[in-house]
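Sequence lines, in order, name chains A and B.
If you count the first sequence from 1, you need to add 20 to reach my numbering.
If you count the second sequence from 1, you need to add 1 to reach my numbering.
Yeah, the Cβ is synthetic: ideal placement off N, Cα and C, and Gly gets one too.
Here is the structure we will look at, set down as structure tokens.
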Amino acid sequence: MSNERLESGDDIIICRDVHKWFGDFHVLRGVNLAVKRGEVVVICGPSGSGKSTFIRTINRLEEHQKGTIIVDGIELTQDMRNVAAIRSEIGMVFQSFNLFPHLKVIDNVTLAPIWVRKWPKEKAEKVAMELLERVGIPEQAHKYPGQLSGGQQQRVAIARALAMQPKIMLFDEPTSALDPEMIKEVLDVMRELAHSGMTMIVITHEMGFAKEVAHRILFFDEGNIVEGNTPEEFFRNPREERTRLFLSQILTH
Amino acid sequence: MTAISEAVQPPRSEIGVLGWVRKNLFSTWYNALLTLASLGFIYVVLRGLLTWALTTARWEVVTTNLTLFLIGPFPRQQVWRVWVCVLMVVLLGGLSMVAWGAPGRRHKWIRRWVTVGWLLSFPLTIMLLHGFASSSLLPLVGTSYWGGLLLTFLLAIVGIVASFPLGVLLALGRRSSLPVVRWFSILYIELIRGVPLVTVLFTAAVMLPLFLPEGMRVDKVLRAMVGFTLFTAAYIAENVRGGLAAVPLGQYEAARALGLSGWQVMGLIVLPQALRAVIPPVVGQFITLFKDTSLVVIIGLLDLLNIAKSVVAQPQFMGLKREVYLFVAVIYFVFSYAMSYASQRLEKALGVGER
């Protein structure tokens, strides 16, 4: 396929011919992707296309069954120790936030640094407060997630992921579960993160965000990347009929 | 219509005692009828009971035998040992209220020490009550001398404290990815739930010695404790399994995505939420256990109910069954209700921020 640039020495994520099956269903059909450090990649595509499954193979929430995934120089294999090491380098933000409802906001953010990074509590809390400051909700630190709005919860989830000081951030439809007036506050945080040089893979249908922030947009369909390009080229001149159809659907709805 | 609406008092008829009565007891003609019928019924029953309790009933059977009800045949000159245990528990209870009553971190170290105290209170109580064969200060009081409410409590508390962790382990085992662990847990849970408690107690009391090596004897009370523990654990396991199933998959995923290990995911994220969700059924199980301790009658232990039986069998207390059994029922009720109340408080205290 011609849509993928060649791998280079600066790649932090390399996926070669990644396959996955759910039972007999072939979800991922030989995905190839290389992402540079600091690159922001947006993935869009119809639901059920496998895009979500694909980014979940990168931190091994899903195991791929064939092919190679190399993250920050470490190949993902059956070896459990590798997986824990990889996961602590990759932050993930989910569509449904998945905050821990029994812990206060601050404890949600400090949990992993304390138990995985073995930071002393004081250091973890100091970093957590800085992050809550960064996502704009330091005053909510001592509330429980259930007391926050959806947009605030998603910003806490971003802070929680950032607390591990990850090298890569994965976003799985981060604004899809939000009311329209809260989408902007989450996208603002993500925009700031992208400008700070974070490597990001974002599944979203927020095309305005994609145009502004992404270095590359990929269109995912039927278990593979159909085409990928810079935002300008992608929107002005989509090569594939499927992409055109999809874009016309989400841009005119 | 731009004026801001002013807040006003609700209509008179909606507030106050009279308002409440009208709204809740006499809202419709059939509601009023039900209210009057219920009042009549309560009056008839209560009048009969109260008249009997305050005039005919001979409560001296309870007062005379109070010590017997409380501690059974425990040697009377050794009663101070029971009091020391009670004092210890009251003290720890008070300290717990101080330590957990006020939020804040400065009580952290008290909490730690109170927890240690609770853990130590267990073996201490047993040692204090049981004593040692060669000691003059704490002479041996064999478990066959333990009885009454004291024995009921010991059986219930040991059963509760031991069955809970066992039940949680079994619940986790049932969801384990290791087939042998899973099969064992399922077999155990289904086997125990498939037989009556009486059978388990009989097995523990009569059949257990058959499996043990010759000459090795396990105390009768201990055997009953083991029986209760094994029995209750199976039910706790099923309750906890329900709680585990109620934790959304996204919680596991978020925890794993942060790099937490399998044990950390379980201990820090899943179990705290699962256990919180199952407080009501688990406490219900504990209350059942507390009341079921009365079944030790069949293996000849002198718990509260068995003492009551022996009291009414004595010639001088003939015909006083009503007084004695009512008294025993009230005792069971008071402690069962206390547990139920405590669980509601616990739920409230832990439910903060959960919506």
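Of all the options the options, which has the alpha carbon lying nearest to the alpha carbon of residue i?
i, options, result
"F114/A", "S196/A, R107/A, M149/A, H162/A", "S196/A"
"E150/A", "M184/A, P165/A, W135/A, V136/A", "M184/A"
"R176/B", "L192/B, G244/B, T204/B", "G244/B"
"L306/B", "T289/B, L231/B, Q286/B, Y333/B", "Y333/B"
"P273/B", "I178/A, F120/A, L81/A", "F120/A"
"I223/A", "E212/A, D199/A, S216/A, I245/A", "I245/A"
"E191/B", "G94/B, A33/B, A235/B, P140/B", "A235/B"
"V63/B", "S311/B, A350/B, R77/B, Q345/B", "S311/B"
"Q79/B", "K109/B, W101/B, L138/B", "L138/B"
"R257/B", "V233/A, D199/A, R101/A", "R101/A"
"V207/B", "G228/B, P197/B, T153/B", "G228/B"
"E95/A", "I34/A, P251/A, R175/A", "I34/A"
"E142/A", "R154/A, V155/A, I126/A, E153/A", "I126/A"
"V60/A", "G166/A, I32/A, R180/A", "I32/A"
"D199/A", "Q173/A, V62/A, E212/A", "Q173/A"
"T88/A", "E260/A, V38/A, R57/A, S67/A", "V38/A"
"F327/B", "T36/B, W60/B, T56/B, L170/B", "According to the sequence shown, residue 327/B is Leu rather than Phe. For L327/B, the nearest C-alpha among the options comes from W60/B."
"V87/B", "T126/B, V159/B, M319/B, T52/B", "T126/B"
"T204/B", "F27/B, V297/B, L152/B, Q345/B", "V297/B"
Between the C-alpha atoms of residue i and residue j, what's the straight-line distance to the nearest angstrom?
i, j, result
"D220/B", "W119/B", "24 Å"
"G354/B", "G170/A", "Confidence at G354/B is low in this model, with a pLDDT of 47, below 50, so its placement is unreliable and the value that follows should be read with caution. So the alpha carbons of these two residues sit roughly 15 Å apart."
"I203/A", "G65/A", "19 Å"
"N66/B", "V266/B", "54 Å"
"G148/B", "S295/B", "11 Å"
"T144/B", "V201/B", "20 Å"
"G41/B", "L19/B", "20 Å"
"A104/A", "L81/A", "11 Å"
"L213/B", "I188/A", "60 Å"
"K109/B", "L92/B", "18 Å"
"A163/B", "P197/B", "20 Å"
"D192/A", "V222/B", "58 Å"
"L182/A", "A275/B", "27 Å"
"F255/A", "V176/A", "32 Å"
"P140/A", "G260/B", "17 Å"
"G43/A", "Q85/A", "12 Å"
"E232/A", "V206/A", "15 Å"
"P282/B", "L303/B", "29 Å"
"V9/B", "G17/B", "16 Å"
"T97/A", "F165/B", "38 Å"
"L170/B", "V271/B", "14 Å"
"L209/B", "R224/B", "8 Å"
Establish whether the CB of residue i and some CB of chain B are separated by less than 8 Å.
i, result
"V136/A", "yes"
"A161/A", "no"
"F191/A", "no"
"S268/A", "no"
"A132/A", "yes"
"N118/A", "yes"
"S108/A", "yes"
"L198/A", "no"
"L81/A", "yes"
"H122/A", "yes"
"M227/A", "no"
"A104/A", "yes"
"V202/A", "First, the residue type needs correcting, since residue 202/A is Met and not Val in the sequence shown. No, its Cβ sits nowhere closer than 8 Å to a Cβ of chain B."
"F114/A", "yes"
Please confirm if residue i has its CB atom under 8 Å from at least one CB of chain A.
i, result
"A258/B", "yes"
"E348/B", "no"
"I270/B", "yes"
"G354/B", "Model confidence at G354/B stands at a pLDDT of 47, short of 50, so the residue's coordinates are unreliable; what they give is reported in the following sentence. At least one chain A Cβ lies under 8 Å of G354/B."
"R224/B", "no"
"S295/B", "no"
"A246/B", "no"
"R277/B", "yes"
"S262/B", "yes"
"P281/B", "no"
"G251/B", "yes"
"K109/B", "no"
Bridge partners for residue i per DSSP, in chain order?
i, result
"L190/A", "M112/A, I221/A"
"H39/A", "R49/A, K86/A"
"N249/A", "I237/A"
"A54/A", "I34/A"
"I72/B", "DSSP, once it has assigned bridges, lists no residue as partnering I72/B."
(message) Ignoring anything shorter than 4 residues, give me the alpha helix (DSSP H) runs that lie fully in the segment 12-66 of chain B, in order along the chain.
(response) At a cut-off of 4 residues, the continuous stretches assigned as alpha helix (DSSP H) that sit fully inside the segment 12-66 of chain B are 17-26, 30-52, 61-65.
(message) So within the segment 104-191 of chain A, which uninterrupted beta strand (DSSP E) runs reach at least 3 residues, ignoring any that extend past its ends?
(response) 110-113, all fully within the segment 104-191 of chain A.
(request) Pick out the complete beta strand (DSSP E) segments inside the segment 106-189 of chain B, 3 residues or longer, and give them in chain order. (result) none
(request) May I have a chain-ordered list of the alpha helix (DSSP H) segments no shorter than 4 residues that lie completely inside the segment 235-300 of chain B? (result) 250-258, 272-278, 280-293
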